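Enquirer: Could you have a look at this structure, given as structure tokens, before my questions?
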Amino acid sequence: MHSADGSLIGHMTPYGPEHVTVLVLIALVALIALRRIRRSARTPQAVDRIENRLRVLGWVLLANSILWTLWGVMPWAWNIEESLPLHFSDALRFIGPLALITRARWAVVVSYFWGLTLNMQSVLTPDVNYFVWPPLEFCEYWLAHGTGVLIPVLLVWGLGLHPTWRGFALAYAATVGWALIAQLGNLLTGGNYAYLHHAPAGPSLLDVMGPWPVYILVEALVSAGVWALITLPWVLVDRRSGALPAGPGGLVRRRPLRSEPDTAHSPVRDTLDTVQG
Numbered sequence: 208m209h210s211a212d213g214s215l216i217g218h219m220t221p222y223g224p225e226h227v228t229v230l231v232l233i234a235l236v237a238l239i240a241l242r243r244i245r246r247s248a249r250t251p252q253a254v255d256r257i258e259n260r261l262r263v264l265g266w267v268l269l270a271n272s273i274l275w276t277l278w279g280v281m282p283w284a285w286n287i288e289e290s291l292p293l294h295f296s297d298a299l300r301f302i303g304p305l306a307l308i309t310r311a312r313w314a315v316v317v318s319y320f321w322g323l324t325l326n327m328q329s330v331l332t333p334d335v336n337y338f339v340w341p342p343l344e345f346c347e348y349w350l351a352h353g354t355g356v357l358i359p360v361l362l363v364w365g366l367g368l369h370p371t372w373r374g375f376a377l378a379y380a381a382t383v384g385w386a387l388i389a390q391l392g393n394l395l396t397g398g399n400y401a402y403l404h405h406a407p408a409g410p411s412l413l414d415v416m417g418p419w420p421v422y423i424l425v426e427a428l429v430s431a432g433v434w435a436l437i438t439l440p441w442v443l444v445d446r447r448s449g450a451l452p453a454g455p456g457g458l459v460r461r462r463p464l465r466s467e468p469d470t471a472h473s474p475v476r477d478t479l480d481t482v483q484g
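Going by this note's numbering, the first residue of the sequence shown is number 208, and it counts up by one from there.
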């Protein structure tokens, strides 16, 4: 987003007061939401209410994503090198809400892998520039990236939808596919969507992965390794508990909430017990 003359009017300092406050808020919201799910999921009716509330949240976030995308193509904000929704975070703005609304298994696994890795880079090493209206741009940046973390936490630890190796493979294929789309956009616009032409201006993990285009290959290999590490524990847990595939394709397995069968070990309960020591 740019001002009328395309000039930068502000920038958020990484690990300044605003950044630290948002990081703390994201962590608190995640813990409070998981605790609320644990305490509320006592009957099938309560589980239904939880899932319905998450669907409502999904619709709200989806509406916001549509409005923010439209804002980006308005004359006062339009810049062909930045306004197209071709970053991974732009796609995640829509995929995450769709996962909450529909529980589509492909959306769940993509939200999990993108939200907790690719999106996490923007949470931990943000590059927040202001071009039009700083309060709105600040809120939209953190709404997108904050919910990019919270949605997979709620779906995977909260509702017990665990990714499988097939889900890993689908999410990785989706990543390659979206990178190709973003690169096509870069070739047509001269932009740097998905940071495929150079690293962000501010500090980021890409800085330690070598120069362009080496960092693209390194990031692809590192992502594959990290994604395998965050898939393996769920595979082992589900194998031990006998969790069944949830839906066609075997992309996720569902571990029941407390009010459902096999409630002795709710994923939310296990997570919170670990956090609480």
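Ideal Cβ placement from N, Cα and C applies to all residues, glycine included.
All values reported here derive from a predicted model rather than from experimental measurement.
1. For L261 and V459, what's the separation of their Cα atoms in angstroms?
2. Keeping to the same chain, check which residues put their C-beta closer than 6 angstroms to that of I287; ignore five residues upstream and five downstream.
3. Given a cut-off of 7 angstroms, decide if V315 and L377 are closer than it, judged by their beta-carbon atoms.
4. Look up P452 in the DSSP assignment and say whether it is helix, strand or coil.
5. So does the region 348-356 actually touch the region 413-433, counting three or more Cβ pairs closer than 8 angstroms?
6. What distance in whole Å lies between the Cβ atoms of G322 and G355, which are believed to be in contact at a cut-off of 8 angstroms?
7. With DSSP collapsed to three states, give me the class of P342.
8. With distances taken Cα to Cα, identify the nearest neighbour of Y422 among P359, H405, R446 and N393.
9. In the structure shown, what three-state DSSP assignment does G397 receive?
10. Among all the DSSP beta bridges, which residues are the ones paired with Y337?
11. What whole-angstrom Cβ distance do V335 and F345 have, given they're in contact under 8 angstroms?
12. For R460, which residues does DSSP report across the bridge?
13. By how many angstroms is the C-alpha of G398 removed from the C-alpha of A389?
14. Starting from I244 and walking both ways along the alpha helix (DSSP H), at which residues does that stretch end?
15. Which one of L387, V263, G409 and R462 has the shortest CA to CA distance from H294?
16. Can you tell me whether P370 is buried or exposed? The criterion is at least 16 other CB atoms within 10 Å of its CB, across all chains shown.
17. What does the alpha-carbon distance come out to for the pair I216 and A284?
18. Does DSSP put S411 in a helix, a strand or coil?
19. When burial is assigned at 16 or more other CB atoms within 10 Å of the CB, is R462 buried or exposed?
20. Taking the straight line between their C-alpha atoms, what separation do you get for A237 and G365?
21. Out of A435, A450, I358 and L331, which has the shortest C-alpha to C-alpha gap to S411?
22. Short check: CB of L269 to CB of P304, under 7 angstroms?
Expert: Taking the coordinates as given:
1. 18 angstroms
2. T396
3. no
4. strand
5. no
6. 4 angstroms
7. helix
8. H405
9. coil
10. G217
11. 7 angstroms
12. H369 and P452
13. 9 angstroms
14. P224 to S247
15. L387
16. buried
17. 13 angstroms
18. coil
19. buried
20. 10 angstroms
21. L331
22. yes
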